[in-house]
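Student:
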Amino acid sequence: MKFLFRMLCKRKETLRKDGNKTHSLCLTDFLTKKKRCISRKMNNSCSGWLSVVPSEENHFDLSPDEFRDALALRYGRHPINLPALCDADGEAFDLNHALNCPRGGLVYARHNEMRDLNCSLLEMVGLRQIIPEPIIFESAEEQLRVDWMVRGFEHPQKVSLFDCCIVNADSPSLERLSLEAIFTVRKNVKQGHSSEAAKARRASFTPILATCDAVFDKEAEHYFKRMAVHLSKKWNVATLKPLATYEQGCKFVFYVQLVFA
Ligand SMILES: [Zn+2]
């Protein structure tokens, strides 16, 4: 039995190495920009939607157009039949413009979806004082808000504040930066804005950072794993399902990636 197990492990490892070798060979044929885009998706398991059952639940049943667009995005190609010009500012409309244009509404829509999804999940958990867009500092000159707050998420009675940022890692201005550098810059900006005000309210502050293709930074991953623990405890009470484990936390992050992507 042990011999068979060792053989299977060895075979799995060989297949993994062969797969990595094949991926590297295939990637050499792409231009640098596309190579970076495809590698990011491969290294961060961003294409889980290709392997899930296309059920109506959670909107995994993509229409033919949605499926074609998702495949185009996976390979760093432009989706077909995009309008020639942006209807908000008249600029040439390509994928980068769609993901970056501050006037077209898509940037705000994805940000608000992230905020609303998180508030709904926290409500499902049954935590208290879930407030979207709370004001955390106010003076005659300025008003400072974060994206959502909740009490009891990390520690009982403690208020946690969260602010999300979804970034297009393929923007021309970011294409020379590593993903870590992109996240670090945004994290420092968010903490510079809100950390002091959070401290004054005796609350914790966590930036939730992600790319448009659903790669989460470390703190965001930790946040969703914690959310999985809360949800699992709630479901355990309601349905007697087993309590959350680390593995369940990882699966939940994968699930959020799917919904988010
Ligand atoms: Zn525009």
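Our numbering puts the first residue of the sequence shown at -16, with every later residue one more than the last.
Glycine included, each C-beta is placed from N, C-alpha and C at the ideal position.
1) I think R169 touches L192, with their Cβ atoms under 8 Å apart; what is that distance to the nearest whole Å?
2) Quick check: the Cα distance between G59 and S46, rounded to an integer number of angstroms?
3) Where K(-7) and N26 are concerned, what is the direct C-alpha to C-alpha distance, given to the nearest angstrom?
4) CB M97 to CB I149, shorter than 9 Å?
5) Among the candidates K17, I119, L82, whose CA atom is the shortest distance from the CA of R57?
6) Quick check on DSSP: helix, strand or coil for E121?
7) Does DSSP classify P225 as helix, strand or coil?
8) Assuming E137 and S187 make a contact with CB atoms under 8 Å, what is their CB distance in whole Å?
9) Applying the criterion that 16 or more other CB atoms from any shown protein chain within 10 Å of the CB defines a buried residue, is I119 buried or exposed?
10) Based on DSSP bridge pairs, tell me the residues matched to C29.
11) Report yes if the C-beta of R159 is less than 8 Å from at least one heavy atom of ligand 1; otherwise report no.
12) Who are the near neighbours of L65 in its chain, counting only those whose CB is closer than 8 Å to its CB and skipping five residues on each side?
13) Under the three-state reduction of DSSP, which class applies to T194: helix, strand or coil?
14) When the distance is taken between beta carbons, is T189 closer than 9 Å to S122?
15) To the nearest angstrom, how far is the alpha carbon of K24 from that of D153?
16) When the Cα atoms are used, what is the spatial distance from T15 to A197?
17) To the nearest angstrom, how far is the alpha carbon of N83 from that of V90?
18) Among the candidates G135, P139, E116, whose CA atom is the shortest distance from the CA of R128?
19) Should A71 be listed as close to ligand 1, given that the test is whether its C-beta is under 8 Å from any heavy atom?
20) How is L78 classed by DSSP in three states: helix, strand or coil?
21) Run through DSSP, which three-state label would T15 get?
22) If we count the other Cβ atoms within 10 Å of its Cβ and call it buried at 16 or more, is C9 buried or exposed?
23) From which residue to which residue does the beta strand (DSSP E) around C69 run?
24) Rounded to whole angstroms, what is the Cα-Cα separation between L104 and I114?
25) Ligand 1 and R111: does the residue's C-beta get closer than 8 Å to at least one heavy atom of that ligand?
Tutor: With the structure as the only source:
1) 6 Å
2) 20 Å
3) 22 Å
4) yes
5) K17
6) strand
7) Low confidence applies here, because P225 scores a pLDDT of 49, under 50, leaving its location unreliable; read the following figure in that light. Note: P225 maps to coil in three-state DSSP.
8) 6 Å
9) buried
10) According to DSSP, C29 bridges with nothing at all.
11) no
12) F76, D77, L78, A81
13) strand
14) no
15) 12 Å
16) 21 Å
17) 7 Å
18) E116
19) yes
20) helix
21) helix
22) exposed
23) Element bounds for C69: n/a, residue is neither H nor E.
24) 13 Å
25) no
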